[in-house]
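Colleague: Quick one: structure below, then a few questions.
There are 2 protein chains.
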Amino acid sequence: MSEVAPYLARVPGIQYGVLDTLTGYAVRRTQLRMYEDFVQALAAWHITPPRYSALVIISLNRGLKLTQLAQIMGIARSGAVILVDALADLGYVTREPMPEDRRAFSLQLTELGRADLALITAAVQAHDARVTARLNAQELETLHGLLHKLSGAREDDDGLPSDQ
Amino acid sequence: MSEVAPYLARVPGIQYGVLDTLTGYAVRRTQLRMYEDFVQALAAWHITPPRYSALVIISLNRGLKLTQLAQIMGIARSGAVILVDALADLGYVTREPMPEDRRAFSLQLTELGRADLALITAAVQAHDARVTARLNAQELETLHGLLHKLSGAREDDDGLPSDQ
DNA sequence: TATTGTTATACTCTATAACTATA
DNA sequence: TATAGTTATAGAGTATAACAATA
């Protein structure tokens, strides 16, 4: 057993003062709690949040190059290499040669990757539903709308993809 | 200039699929964006979110021991040592001997720490207000209430300190 | 010259475990 | 024996920079 309790759990009898008025602190508490639950819930699959995001994005956007994946995820190319290596080690992703550019590879989900992604997605959705179980459908919709405003959507961005 | 764009920024033309339906993903996007903005806004003060939380908690809860700070922040004692060392290097915190237990120290804010904390808090509040500028007062109140439900408050927890 | 994927390297943050001095 | 603070060490996760192959 660890000496460390869940991150930022509220301790009775402690004054938090201005921290309780900051949106950033509330978001951080929530994110740490959900992240931790995700990692535990998906531990058996060896899937972390970034790995799951990469799997979903690769599955939905065929022929993605490693550099594109890095841009989409906002990480360095060297980080994308490590991420793709991990997904390849799990047998979920392969690097396919691109005839039109022999420097690059096309990231592809394997059959196993596609099959397991369905199961993993079910586990992720169950985790998400469990953690948000205290909110009803309308509250969830409200929360998503508010978070969408905060997370950088531009006023003129309708959120729809510009092509495909 | 870095090769890396802000983390998880939405890329036009990319399909995100199930990711857009997950509360955890929305919270993570928001948290990363706000965290990054905090760090930039407070860079001149050498204050990160954990350092700020520690400063506030030390200032509001006199005579705190390092082990208690670690428990409150949900980190290991070794991490609290590093945190307190950083705040001590900034001249904001001192370790005062506790006559009743010569193993322990009482964490105290210095005069400089108390004075600068007021200025730092103003900068933090300005950052928080700027990042949440797209939400009106009622939306902010709604968001805080929803996040509070998600971040682990128990049904029977009125949020009030049990003593002091 | 620029780009793609890769490797080398380092920095930050976090953890566990062992140590010391006290209790 | 147990606890408070510390130190040593290691593991993620991230970054920058340099490299070979290709454009």
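Protein chains in written order, with this note's numbering: chain S, 1 to 164; chain A, 165 to 328.
Positions of the beta carbon are idealized from the N, C-alpha and C atoms, including for glycine.
What you are looking at is a predicted structure, and each value in this text was computed from that prediction instead of being measured.
Which bits of chain A does K149 (chain S) rub up against, with CB to CB less than 7 angstroms?
Modeller: The answer, in chain order, is R298, L299.
Colleague: I need the straight-line Cα distance from I47 (chain S) to V18 (chain S), nearest angstrom please.
Modeller: Approximately 36 angstroms between the Cα atoms of the pair.
Colleague: Considering only the alpha carbon of each residue, which of A:L281, A:G277, A:M198, A:G177 lies closest to L147 (chain S)?
Modeller: Of the candidates A:L281, A:G277, A:M198, A:G177, the one whose C-alpha sits nearest the C-alpha of L147 (chain S) is A:M198.
Colleague: Which one of A:R174, A:L224, A:R215 has the shortest CA to CA distance from G13 (chain S)?
Modeller: Measuring from the Cα of G13 (chain S), the nearest candidate turns out to be A:L224.
Colleague: Would a C-beta distance cut-off of 8 angstroms place W209 (chain A) and A287 (chain A) closer than the cut-off?
Modeller: Result yes, Cβ atoms of W209 (chain A) and A287 (chain A) sit closer than 8 angstroms.
Colleague: Helix, strand or coil: which one does DSSP assign to L32 (chain S)?
Modeller: Three-state result, L32 (chain S): helix.
Colleague: Please go through the segment 180–262 of chain A and give each complete alpha helix (DSSP H) segment of 4 or more residues, from N-terminal end onward.
Modeller: Taking only runs of at least 4 residues, the alpha helix (DSSP H) segments lying wholly in the segment 180–262 of chain A are 187–205, 213–224, 230–237, 241–253.
Colleague: Around the C-beta of S78 (chain S), are 16 or more other C-beta atoms found within 10 angstroms, so that it is buried, or is it exposed?
Modeller: Answer is exposed; the Cβ neighbour count stays below 16.
Colleague: Expressed to the nearest angstrom, what Euclidean distance is found between the alpha-carbon atoms of L228 (chain A) and L90 (chain S)?
Modeller: The straight-line gap from Cα to Cα measures roughly 46 angstroms.
Colleague: Does the Cβ of G145 (chain S) have 16 or more other Cβ atoms within 10 Å, making it buried, or fewer, making it exposed?
Modeller: The residue is exposed, with fewer than 16 neighbouring Cβ atoms inside 10 Å.
Colleague: Only counting the same chain, and skipping five residues up and downstream in sequence, which positions put a Cβ closer than 8 angstroms to that of V84 (chain S)?
Modeller: Closer than 8 angstroms at Cβ, skipping near neighbours: A54, L66, L69, V93, R95, L107.
Colleague: Pop quiz: H175 (chain A) and I72 (chain S) are said to be a contact at Cβ under 8 angstroms. What is the actual Cβ separation, rounded to whole angstroms?
Modeller: For clarity, residue 175 (chain A) is Val in the given sequence; the question names His instead. The Cβ separation is near 5 angstroms, so the contact holds.
Colleague: With L172 (chain A) as the anchor, note down where its beta strand (DSSP E) starts and where it stops.
Modeller: Note, L172 (chain A): premise wrong, no beta strand (DSSP E); not H, not E.
Colleague: Looking only at its own chain, which residues have a Cβ that is under 8 angstroms from the Cβ of A282 (chain A), when we skip the five neighbours before and after it?
Modeller: Contacts found: none.
Colleague: Do you know whose CA, among A:V191, A:Q179, A:L307, lies nearest E139 (chain S)'s CA?
Modeller: Answer by Cα proximity: A:L307.
Colleague: Can you give the beta carbon distance from R215 (chain A) to L251 (chain A), rounded, assuming they're within the 8 angstroms contact cut?
Modeller: About 6 angstroms; that satisfies the 8 angstroms criterion.
Colleague: Could you check where the beta strand (DSSP E) with L107 (chain S) kicks off and where it finishes?
Modeller: It spans 105–109 - the beta strand (DSSP E) in which L107 (chain S) sits, taken as one unbroken run.
Colleague: My output table needs one value for A133 (chain S): the three-state DSSP class, helix, strand or coil.
Modeller: Coil, per DSSP.
Colleague: Around the Cβ of D265 (chain A), are there at least 16 other Cβ atoms within 10 angstroms (buried) or fewer (exposed)?
Modeller: With fewer than 16 other Cβ atoms within 10 Å, it is exposed.
Colleague: Assuming A173 (chain A) and G113 (chain S) are in contact, meaning their beta carbons sit under 8 angstroms apart, how far apart are those beta carbons, in whole angstroms?
Modeller: In fact, because the Cβ distance is near 25 angstroms, the residues do not count as touching under 8 angstroms.
Colleague: With the cut-off set at 8 angstroms, would you say R130 (chain S) and K313 (chain A) are in Cβ contact?
Modeller: Cβ atoms of R130 (chain S) and K313 (chain A): not closer than 8 angstroms.
Colleague: Quick one: is E141 (chain S) near chain A, going by C-beta distance under 8 angstroms?
Modeller: Chain A, which has no Cβ nearer than 8 angstroms to the Cβ of E141 (chain S), makes this no.
Colleague: Between the segment 105–121 of chain S and chain A, which residues of the former have a C-beta closer than 7 angstroms to a C-beta of the latter?
Modeller: Residues passing the 7 angstroms Cβ filter: T121.
Colleague: Can you name the residues of chain S whose CB is closer than 8 angstroms to the CB of T194 (chain A)?
Modeller: Within 8 angstroms Cβ-Cβ: V27, Q31, L147, L150, S151.
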